[in-house]
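Q: The structure under discussion is supplied below as structure tokens; questions concerning it will follow.
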Amino acid sequence: MTSTLQLFLIVSSALFSIGLLAALSRRHAIFILIGIELMLAAANLNFIAFWRFGSQPQPPVGVMVAIFSIAIAAAEATVGLALVIAIYRHYRSTNVDQLNQLKG
Amino acid sequence: MNATAFIVIAIITIAGALAAATLPKLIHAALSLVIVFVGIAAYFFLLGAEFVGLVQVFVYVGAVAVLILFTILLTRRDIVSERGINWGGVIVALAVFGGLLWIILNTTSLAVLAPQFEPLTVKQIGESLMTDYVWPLQCVGLVLTVALIGALILVMEEKIER
Amino acid sequence: MSWIVTNIWLIPAVPLAFSLLILFLSSSRRAAAAGAAIIGQIIALGFSILAFLPTLQAPGFRAVQSFTWFTFGDQALRLGWVLDPLAAAMLIMITLVGLCIFVFSVGYMAGDKNFTRFFAYLSFFSGAMLGVVIANSLLLLFVSWELVGLASYLLIGFWIDRPSAAAAAKKAFITTRIGDLGFFLGMLWLYHTSGTLLFYDNGNGALEPSGLLKIGSSATLVALLIFCGAVGKSGQFPLHVWLPDAMEGPTPVSALIHAATMVAAGVFLVARVYPLFSLGAVNGVTPSLMVVISIGVVTALMASLIALAQFDIKRILAYSTVSQLGLMMVSLGVGGVAAGIMHLLAHGFFKALLFLGAGSVIHGLHHEQDIRKMGGLRWIMPVTFLTYTIGMMNLSGVPFFFSGGWTKEEILHRTAEWPLSRLPHYLMLAGVILTALYMTRQMIYVFFGRKRETSDAHESPRVMTMPLIILAVCSIILAIVLTPAWPWLHAYLNGEPARLDFGALIQPMLFLSLLLVAAGIGLAWLMYRNAGETDPLARAQPGLFRFLGQKMWIDEFYEHTFIAFSRVVAHLSDFLDRYFWDGLVNLFSGMGQAFAVLSKGFDDHAINARVDNTTAGARRFGRLIAARHSGQIQAYLGAIAIGMLLLLVLYAWLA
Numbered sequence: 003m004t005s006t007l008q009l010f011l012i013v014s015s016a017l018f019s020i021g022l023l024a025a026l027s028r029r030h031a032i033f034i035l036i037g038i039e040l041m042l043a044a045a046n047l048n049f050i051a052f053w054r055f056g057s058q059p060q061p062p063v064g065v066m067v068a069i070f071s072i073a074i075a076a077a078e079a080t081v082g083l084a085l086v087i088a089i090y091r092h093y094r095s096t097n098v099d100q101l102n103q104l105k106g
Numbered sequence: 252m253n254a255t256a257f258i259v260i261a262i263i264t265i266a267g268a269l270a271a272a273t274l275p276k277l278i279h280a281a282l283s284l285v286i287v288f289v290g291i292a293a294y295f296f297l298l299g300a301e302f303v304g305l306v307q308v309f310v311y312v313g314a315v316a317v318l319i320l321f322t323i324l325l326t327r328r329d330i331v332s333e334r335g336i337n338w339g340g341v342i343v344a345l346a347v348f349g350g351l352l353w354i355i356l357n358t359t360s361l362a363v364l365a366p367q368f369e370p371l372t373v374k375q376i377g378e379s380l381m382t383d384y385v386w387p388l389q390c391v392g393l394v395l396t397v398a399l400i401g402a403l404i405l406v407m408e409e410k411i412e413r
Numbered sequence: 106m107s108w109i110v111t112n113i114w115l116i117p118a119v120p121l122a123f124s125l126l127i128l129f130l131s132s133s134r135r136a137a138a139a140g141a142a143i144i145g146q147i148i149a150l151g152f153s154i155l156a157f158l159p160t161l162q163a164p165g166f167r168a169v170q171s172f173t174w175f176t177f178g179d180q181a182l183r184l185g186w187v188l189d190p191l192a193a194a195m196l197i198m199i200t201l202v203g204l205c206i207f208v209f210s211v212g213y214m215a216g217d218k219n220f221t222r223f224f225a226y227l228s229f230f231s232g233a234m235l236g237v238v239i240a241n242s243l244l245l246l247f248v249s250w251e252l253v254g255l256a257s258y259l260l261i262g263f264w265i266d267r268p269s270a271a272a273a274a275k276k277a278f279i280t281t282r283i284g285d286l287g288f289f290l291g292m293l294w295l296y297h298t299s300g301t302l303l304f305y306d307n308g309n310g311a312l313e314p315s316g317l318l319k320i321g322s323s324a325t326l327v328a329l330l331i332f333c334g335a336v337g338k339s340g341q342f343p344l345h346v347w348l349p350d351a352m353e354g355p356t357p358v359s360a361l362i363h364a365a366t367m368v369a370a371g372v373f374l375v376a377r378v379y380p381l382f383s384l385g386a387v388n389g390v391t392p393s394l395m396v397v398i399s400i401g402v403v404t405a406l407m408a409s410l411i412a413l414a415q416f417d418i419k420r421i422l423a424y425s426t427v428s429q430l431g432l433m434m435v436s437l438g439v440g441g442v443a444a445g446i447m448h449l450l451a452h453g454f455f456k457a458l459l460f461l462g463a464g465s466v467i468h469g470l471h472h473e474q475d476i477r478k479m480g481g482l483r484w485i486m487p488v489t490f491l492t493y494t495i496g497m498m499n500l501s502g503v504p505f506f507f508s509g510g511w512t513k514e515e516i517l518h519r520t521a522e523w524p525l526s527r528l529p530h531y532l533m534l535a536g537v538i539l540t541a542l543y544m545t546r547q548m549i550y551v552f553f554g555r556k557r558e559t560s561d562a563h564e565s566p567r568v569m570t571m572p573l574i575i576l577a578v579c580s581i582i583l584a585i586v587l588t589p590a591w592p593w594l595h596a597y598l599n600g601e602p603a604r605l606d607f608g609a610l611i612q613p614m615l616f617l618s619l620l621l622v623a624a625g626i627g628l629a630w631l632m633y634r635n636a637g638e639t640d641p642l643a644r645a646q647p648g649l650f651r652f653l654g655q656k657m658w659i660d661e662f663y664e665h666t667f668i669a670f671s672r673v674v675a676h677l678s679d680f681l682d683r684y685f686w687d688g689l690v691n692l693f694s695g696m697g698q699a700f701a702v703l704s705k706g707f708d709d710h711a712i713n714a715r716v717d718n719t720t721a722g723a724r725r726f727g728r729l730i731a732a733r734h735s736g737q738i739q740a741y742l743g744a745i746a747i748g749m750l751l752l753l754v755l756y757a758w759l760a
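Chains as they are written, first to last, in the working numbering: chain A, 3 to 106; chain B, 252 to 413; chain C, 106 to 760.
Shown next as structure tokens:
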């Protein structure tokens with residue numbers, strides 16, 4: 003067996019689905035963040051895989067997008083975790099079931 | 252590309268991801284997440300994107316995972332007792348996976364082998380960052396600064412009120 | 106090629122930049138804010154005049170600048186700017202009328218605590234509208250179009266502490282959004298068939314022969330979808346309901362919305378993509394143009410009739426705008442693009458004049474808007490009275506000295522020449538009488554008769570009367586280039602040289618419309634001369650008057666059909682949300698309970714809705730959206746995931 007693009011995509015879709023599972027079914031806010039990080043990582047894997055399996059030589063677009071995506075993910079994690087701490091201070095809980103302030 | 256390496260990394264990464272998503276204790280999940288990140292970095296090395304792999308290790312393992320651990324410690328008193336599994340989420344996630352898998356397997360143009368390629372040097376990446384991608388780079392810098400300040404303000408504000 | 110032609114983007118950019126600047130000023134810097142907004146508008150006006158000059162040199166001048174926004178695969182998404190007679194004329198009108206309104210606002214909003222924010226929004230509004238005018242890409246036009254929508258939302262709801270203003274803002278935003286959905290779909294369809302969203306691109310644009318060839322038979326569908334957007338923005342039937350409610354905003358905002366920006370955008374859009382409407386025309390008639398005419402005729406007549414039975418000075422003007430826009434749509438539909446745009450330009454001036462005049466009256470009477478409480482103001486507010494009369498003459502369609510008269514004349518001509526039927530023509534003639542009738546009624550109530558509760562009324566300060574005078578003079582000067590003897594503007598917009606021909610002045614249509622206007626004014630004079638608290642029409646025909654006064658029950662109709670329907674759907678999906686996410690397992694055990702909740706929801710809302718039908722429809726809109734939300738982020742995320750699944754299924758199905 004040799005590794006084709008399909009295999010990479012299958013691994014990344016598995017990672018994405020597991021991330022979605024964590025984001026959808028866990029109650030704790032940090033789990034949701036973990037799920038989102040997993041989904042982002044899966045997307046990055048896709049970028050790199052498509053870049054590597056594309057016709058060569060080509061400009062390093064996939065690599066660049068992955069680098070920027072990692073930087074944005076870091077910013078997102080920072081703000082997300084700060085929000086978790088702020089919410090925890092306010093409600094004494096990080097259980098997202100109790101957070102329904104978005105309801106109008 | 253080395254098939255054995257691929258399979259080993261796949262098993263470790265997916266097992267880590269499953270653990271991160273389902274373990275009841277937050278701290279265990281966060282540590283499993285580190286394994287996933289290292290696994291993905293290994294994939295990046297395998298795919299010839301060594302620089303991205305290194306960035307992945309630095310940023311995710313070095314920063315994000317540590318940040319998550321710190322947050323867990325800071326909100327430790329909030330011990331969560333997860334009541335059962337939310338089957339709705341599981342079903343949706345499985346359905347999404349099934350759909351993606353179906354599409355991937357049915358797209359024959361994806362069954363390609365990796366072509367020969369010139370390794371991408373850090374010099375090349377640096378050059379494109381400073382030429383073609385200088386605008387996105389500046390924007391990302393701005394976003395990171397704003398995120399930093401925003402995070403500080405979010406965490407500080409409540410303290411002032413008390 | 107002059108410098109401004111290649112840098113035409115500066116015209117919208119300047120007001121937008123000044124808007125941003127004002128937003129950062131502290132709210133105590135009132136003079137600086139107003140000054141910055143006015144300077145921004147003056148610069149934009151100067152640039153517009155500079156851009157106008159080269160278009161005079163050659164008939165049919167068109168300069169296009171396109172650039173690539175981004176590329177994906179082998180396709181490039183390109184945006185661009187265009188300067189042609191249509192855009193240049195609109196630029197001048199928007200910046201000039203806008204400037205007058207800005208200056209007027211300095212006086213009108215003098216006592217408001219959010220003075221600086223108001224000017225930031227005004228500048229933003231003006232800049233967004235200028236962007237609509239010079240966009241050469243449907244996408245760029247759509248972006249500016251949505252910015253106009255956002256600005257109108259912010260300004261209509263400017264007095265956020267008034268619930269009615271907040272409701273009106275929401276209503277305006279959501280109603281126009283319904284039309285914009287059609288616009289968006291039309292845009293996607295256009296890209297699908299023609300592969301480009303540029304209007305003009307050296308022979309490759311969507312509106313040029315080769316592009317139109319590619320669009321072919323789907324042009325009707327694309328045109329109608331885009332027309333949905335115009336219907337929403339220009340307040341055409343059936344989406345006109347937001348426009349009268351938009352009167353909740355400060356009066357200068359109403360003037361801006363009704364004259365220079367927002368509603369003009371819809372008519373402009375149809376004129377801009379006119380080749381799509383007229384593609385494959387037989388005798389100048391296509392199915393899409395038929396729709397435009399029908400909607401225009403219905404809107405024009407319905408709004409004029411409703412205007413007859415309103416007592417709010419601004420609402421009467423609002424309905425007159427709706428009817429005039431209908432008239433413009435009819436003109437576009439019968440092939441008179443230039444006539445429609447001429448009326449749009451003239452309307453911009455005199456409707457701004459009328460609204461600012463109404464603002465002056467309202468200001469002078471300490472925010473009284475009911476015309477039954479006004480009266481005898483002609484001696485107290487002479488400048489306002491005189492300028493208002495000029496505006497009213499324009500709107501009623503008195504020719505010779507008033508631009509509105511000539512343009513209306515031109516439209517009547519076009520409708521008379523329509524090959525298919527004379528019906529639109531006769532209906533528009535009826536509209537002329539109605540317009541003269543309701544405007545005279547308003548004049549009599551406000552300025553003539555005995556003084557009612559107007560004892561401490563006063564004329565407005567110079568800063569408010571000057572814009573009135575300027576606009577009045579403009580609307581008269583504009584008449585010079587509109588006469589049939591020297592139809593310069595018409596020729597300019599059509600890209601032909603103008604000819605001088607005094608013989609064209611003598612024609613039967615002119616006498617006919619003069620007669621009709623005189624009949625309308627005379628009839629109104631007879632009817633309303635001695636009108637008191639009760640309207641003479643209400644005394645003679647109370648049922649009819651009530652029907653018109655309640656805006657033909659259209660709001661209520663929507664309330665009981667579309668809104669009630671969506672409320673039921675909303676509760677159903679809310680219910681699904683809650684129970685689905687709490688586990689499919691529970692769903693089976695809770696089946697009986699679920700049906701009970703569902704039928705209770707039906708009962709509550711089918712019965713309750715009848716009981717309190719007086720509640721504003723817009724508030725229902727808000728509640729409807731709120732009910733859709735359980736407020737839990739995971740539910741939202743789950744919805745996104747399900748949406749993604751549906752897309753996958755769609756993909757699999759199509760592949």
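Backbone N, C-alpha and C fix where the C-beta goes; we use that ideal spot for every residue, glycine too.
Starting from C:G627 and walking both ways along the alpha helix (DSSP H), at which residues does that stretch end?
A: Run containing C:G627: 613-633, per the alpha helix (DSSP H) assignment.
Q: How many angstroms separate the CA atom of C:F220 from the CA atom of C:F230?
A: The alpha-carbon atoms of C:F220 and C:F230 are separated by roughly 16 Å.
Q: For B:W386, would you say it is in contact with chain A, using Cβ-to-Cβ distances shorter than 9 Å as the test?
A: Not closer than 9 Å to any Cβ of chain A, the Cβ of B:W386 fails to qualify, so no.
Q: Between the Cα of C:A370 and the Cα atoms of C:G254, C:I418, C:G385, C:K275, which residue gives the shortest distance?
A: Minimum Cα distance to C:A370 is reached at C:G254.
Q: For C:G216, does the three-state DSSP call read helix, strand or coil?
A: Here C:G216 sits in coil by DSSP.
Q: For the segment 442-454 of chain C against the segment 463-471 of chain C, are there 3 or more C-beta pairs whose distance is under 8 Å?
A: Counting Cβ pairs under 8 Å, fewer than three are found: no touch.
Q: Relative to the C-alpha of B:F321, which candidate in A:R54, A:L40, A:S5, A:I32 has its C-alpha closest?
A: The shortest C-alpha separation from B:F321 is found at A:I32.
Q: In the DSSP assignment, the beta strand (DSSP E) including C:G185 goes from what residue to what residue?
A: Its beta strand (DSSP E) spans residues 180-188.
Q: How big is the Cα-Cα spacing for B:M381 and B:K374?
A: Between B:M381 and B:K374, the C-alpha separation is close to 11 Å.
Q: Look up C:T176 in the DSSP assignment and say whether it is helix, strand or coil.
A: Here C:T176 sits in strand by DSSP.
Q: Taking Cβ positions, are A:F129 and B:Y384 nearer each other than 9 Å?
A: Residue 129 of chain A lies beyond the stretch modelled for chain A, which goes from 3 to 106, so this question has no answer here.
Q: State the Cα-Cα distance for the pair C:P572 and C:L752, rounded to the nearest angstrom.
A: So the alpha carbons of these two residues sit roughly 54 Å apart.
Q: What residue range does the alpha helix (DSSP H) around C:M479 cover?
A: Neither: C:M479 is in no alpha helix (DSSP H) and is coded neither H nor E.
Q: Is C:V169 helix, strand or coil by DSSP?
A: C:V169: strand per DSSP, three-state reduction.
Q: Straight-line CA distance for C:G502 to C:M198?
A: Distance between the alpha carbons of C:G502 and C:M198: 20 Å.
Q: Is A:G37 near A:I12, with beta carbons less than 9 Å apart?
A: Not in contact: A:G37 and A:I12 (Cβ atoms no closer than 9 Å).
Q: I'd like to know if C:V716 contacts chain A, where contact means its C-beta is closer than 9 Å to some C-beta of that chain.
A: Residue confidence for C:V716 is low, a pLDDT of 44 falling below 50, so the modelled location carries little weight and cannot support an answer.
Q: Does C:K513 pass the burial test, meaning 16 or more other C-beta atoms within 10 Å, or should it be called exposed?
A: Flag for C:K513 reads buried.
Q: Could you check if C:L621 is buried or exposed, using at least 16 other CB atoms within 10 Å of its CB as the buried criterion?
A: Buried.
Q: Between which two residues does the alpha helix (DSSP H) containing A:G64 stretch?
A: Residues 63-93.
Q: In whole angstroms, what is the alpha-carbon distance linking C:L182 and C:F129?
A: Cα to Cα, the separation comes out at about 33 Å.
Q: How is C:A240 classed by DSSP in three states: helix, strand or coil?
A: It is a strand residue.
Q: Please report the straight-line C-alpha distance between B:I355 and A:A76, rounded to a whole angstrom.
A: Cα-Cα distance, rounded: 29 Å.
Q: Use the C-beta contact count for C:M352: other C-beta atoms within 10 angstroms, 16 or more gives buried, fewer gives exposed.
A: C:M352 is buried by the Cβ-count criterion.
Q: I need the DSSP call for C:V387, collapsed to helix, strand or coil.
A: It is a strand residue.
Q: Given that B:P366 touches chain A, what residues does it touch there, using C-beta distances under 7 Å?
A: Within chain A, the residues near B:P366 are S57, Q58.
Q: Only counting the same chain, and skipping five residues up and downstream in sequence, which positions put a Cβ closer than 6 Å to that of C:W347?
A: Contacts found: K276, A277, T280.
Q: Pull the bridge partners of C:D475 from the DSSP assignment, please.
A: In DSSP, C:D475 forms a bridge with C:D417.
Q: Using a Cβ-Cβ cutoff of 7 Å, what residues of the segment 13-46 of chain A are near chain C? List them in chain order.
A: Against chain C - using a Cβ distance shorter than 7 Å - the residues of the segment 13-46 of chain A are L22, A25, L26.
Q: Could you check which residue in C:P504, C:L394, C:Y550 has the C-alpha nearest to that of C:W523?
A: If we check each option's Cα against that of C:W523, C:L394 comes out closest.
Q: Between the alpha carbons of C:T570 and C:T489, how many angstroms are there, rounded?
A: When rounded, the distance between both Cα atoms is 7 Å.
Q: Would you mind stating whether A:I55 and A:L7 have Cβ atoms separated by less than 9 Å?
A: According to the sequence shown, residue 55 of chain A is Phe rather than Ile. Yes, they are a contact pair.
Q: Please state if the CB of B:F288 and the CB of A:A43 are separated by a distance shorter than 9 Å.
A: Cβ distance < 9 Å, so A:A43 and B:F288 count as in contact.
Q: Quick check on C:F693 - is its C-beta less than 9 Å from some C-beta in chain A?
A: Here the model assigns C:F693 a pLDDT of 49, short of 50, so the residue's position is not dependable and the matter cannot be decided.
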